[in-house]
Amino acid sequence: MGRKGCLGSYLGAGDMSLLDYFRSSKTSSASLAKERLQILVAYERSSVNQPPYLPQLQQEILLVIQKYVNVNCDAMTIKLEQSDNQETLELNIVLPDFRRV
Amino acid sequence: MARIIVVTSGKGGVGKTTTSAAISMGLAKKGHKTVVIDFDVGLRNLDLIMGCERRVVYDIINVINGEASINQALIKDKNCNLLSILPASQTRNKDALTQEGVGKILEELSKDFKYIVCDSPAGIEQGAHLAMYFADDAFIVTNPEVSSVRDSDRILGLLSSKSQRAEKNDEPIKEYLILTRYAPERVKSGEMLSLDDVQDILSLDLLGVIPESKSVLTASNSGNPVILDEKSDAGQAYSDIVARYLGETRPHRFIDGKKGLFRKLFGGG
Ligand SMILES: Nc1ncnc2c1ncn2[C@@H]1O[C@H](COP(=O)(O)OP(=O)(O)OP(=O)(O)O)[C@@H](O)[C@H]1O
Ligand SMILES: [Mg+2]
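Protein chains in written order, with the numbering used here: chain A, 1 to 101; chain B, 102 to 370.
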C-alpha cells in the first residue's frame with residue numbers, strides 16, 4: 001500500500017487561480033521554474049523519505065480500529081510530516097455515524 | 102587509502118562525462134595519482150572524451166569476470182602519466198556489473214591511486230547505483246533547468262540511503278554541487294534559473310559554476326579534456342573546481358557573465 005495521489009491532489013488546487021495569473025504576469029520564466037521546482041521537490045522529498053514501516057503501521061492500526069468500528073481502508077489516510085525539529089504522524093479516519101449502525 | 106569520487110546527476114546529458122574527464126585530469130596534473138572509471142556499460146564515452154578510444158583492449162566487465170587483470174585493463178593517459186582510465190564495456194549486458202565485482206576493483210585500485218573518479222551513467226539503475234555505492238564524495242552535476250534540478254534532488258536522496266556509508270551508518274557521503282552549462286546573460290534576462298535559485302532548492306556545497314562554452318565541443322572533438330585548454334572559460338572553471346576540492350580558496354567566477362571591454366577599461370561592475 002504505497003502513497004496514493006498525485007502532486008495536484010496533495011496541493012488540493014486546480015491549474016491556476018486568478019491570483020496566480022496576476023502574480024505570474026510580472027514573473028520571469030526562471031522564477032516560474034523555481035516556484036514549480038520548490039513545490040515539486042518538497043512533495044517528492046516527503047514521499048521518498050517516508051519510513052518503510054509506514055504502510056505496515058497503517059495496516060495494523062486499521063485492523064485495530066476495525067475491531068470496534070466498521071471502516072474500510074479508503075476511510076483512512078496516514079501521513080508523516082517532517083519539519084526542522086519535529087515529526088508529526090497524522091492519522092485521518094472517517095468514522096461512520098454510530099447511531100445509524 | 103584512496104578517495105572515491107562519484108560524478109552523478111540522475112538526468113542524462115548534463116555534463117557528467119565532461120566533468121569526470123576534466124577533474125580527473127586536473128587532479129592528476131596537480132600531482133595526484135588518479136584513475137577515472139567509466140560506469141556507463143553499453144554506452145561508453147569516456148574513452149572518446151579522453152582520446153584513448155583506440156587503445157581500449159579490456160574493460161571493467163573483463164576484469165570483473167576474471168578475463169583480464171586490472172593492470173591489463175587500465176589505460177595510461179597520453180597527456181599525463183599520473184592518470185589512468187578504466188573503460189566501460191561496450192557490448193555486454195548491464196547486469197554484468199556486480200556490487201561484489203565493483204567492490205573488489207575499487208579495493209585493488211585504492212592501494213595504488215590517490216583519487217578514484219567514477220563517471221556515473223544517467224538514470225538510477227544498477228550502473229548509477231554502483232557508481233555511487235562506494236563513494237566518499239559526490240559531485241552532483243546539475244544544469245540550471247527544472248528537470249535536472251529535480252533529478253539531482255532525487256540522487257541526493259539515494260546517496261543518503263542507498264550507499265555503503267548510509268548502510269554502515271558511517272559518516273555520510275560529502276555532497277558537492279557543480280552547476281554546468283550556465284549562461285549568465287540568460288539568467289540576467291530571467292530566462293534561466295540562477296545559481297541562487299538552484300541553491301535555494303538543493304543547498305549544497307558549491308564547487309563551482311561551469312559556463313556554457315564552445316570550448317567543450319572543441320575539446321571533445323579532439324579527445325582532450327577541456328581543462329587542458331587553459332585559455333578557455335570552461336577549462337579555467339574546471340581548474341578552479343579542482344583547486345577548491347583540494348582545499349585552496351578561489352573566488353567564484355563565471356557567475357555574473359563576461360565583463361565587457363568598456364567595463365574592463367573604466368572599472369566598475
Ligand atoms: N559547459 C558546457 N558547455 C557547452 N556544452 C557542454 C558543456 N558541458 C557539457 N556540454 C555538452 O553536453 C553534452 C553532454 O555532455 P556529457 O556527455 O558530458 O554529459 P553526460 O552527463 O555524461 O551524459 P550521459 O548522461 O549521456 O552520460 C555534450 O555534447 C557536451 O559537449
Ligand atoms: Mg556520460
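Each residue gets a CB set at the ideal place from its N, CA and C atoms; glycine is no exception.
Chain-ordered residues, beta carbon under 5 Å from a heavy atom of ligand 2:
B:LYS117 and B:THR118
Q.
Could you pull the DSSP bridge partners for PRO312 (chain B) from this structure?
A. B:TYR283
Would ASP306 (chain B) pass as an interface residue toward chain A - the criterion being a Cβ-Cβ separation below 7 Å?
no
Exercise. Nearest chain B C-beta to SER83 (chain A) closer than 7 Å, yes or no?
Worked result: no
In chain order, what residues of the same chain have a beta carbon less than 6 Å from the beta carbon of ALA344 (chain B), not counting five sequence neighbours either side? ARG351
*asked:* Is the separation between the beta-carbon of GLU313 (chain B) and that of ALA284 (chain B) shorter than 7 Å?
replied: yes
Q.
Quick check on the DSSP output: the beta strand (DSSP E) that includes THR109 (chain B) runs from which residue to which?
A. 104-109
Margin query: Buried or exposed for MET233 (chain B), going by 16 or more other Cβ atoms inside 10 Å?
Written below: buried
Going by the beta-carbon positions, is the gap between ALA169 (chain B) and PRO326 (chain B) smaller than 7 Å?
no
**Prompt:** Given that a residue counts as buried once 16 or more other Cβ atoms are within 10 Å of its Cβ, and exposed if not, what is GLU276 (chain B)?
**Reply:** buried
>> I'd like to confirm the pairing. Which residues does DSSP put opposite LEU128 (chain B) in its beta bridges?
In response: DSSP, once it has assigned bridges, lists no residue as partnering LEU128 (chain B).
Check your understanding: Of all Cβ atoms in chain A, is any one closer than 7 Å to the Cβ of ASP407 (chain B)?
Key -> Shown here, chain B extends from 102 to 370; a query on residue 407 (chain B) therefore has no answer.
Given a threshold of 16 other Cβ atoms within 10 Å of its Cβ, counted over all protein chains shown, does ALA42 (chain A) qualify as buried or as exposed? exposed
**Report entry** beta-carbon ARG282 (chain B) near ligand 1 non-hydrogen atom, thresh 6 Å
**Finding:** yes
Are there three or more Cβ pairs, one per stretch, closer than 8 Å when the stretch 64-77 of chain A is compared with the stretch 330-345 of chain B?
no
Have a look at SER304 (chain B) and TYR53 (chain A) and give me their C-alpha separation to the nearest angstrom.
29 Å
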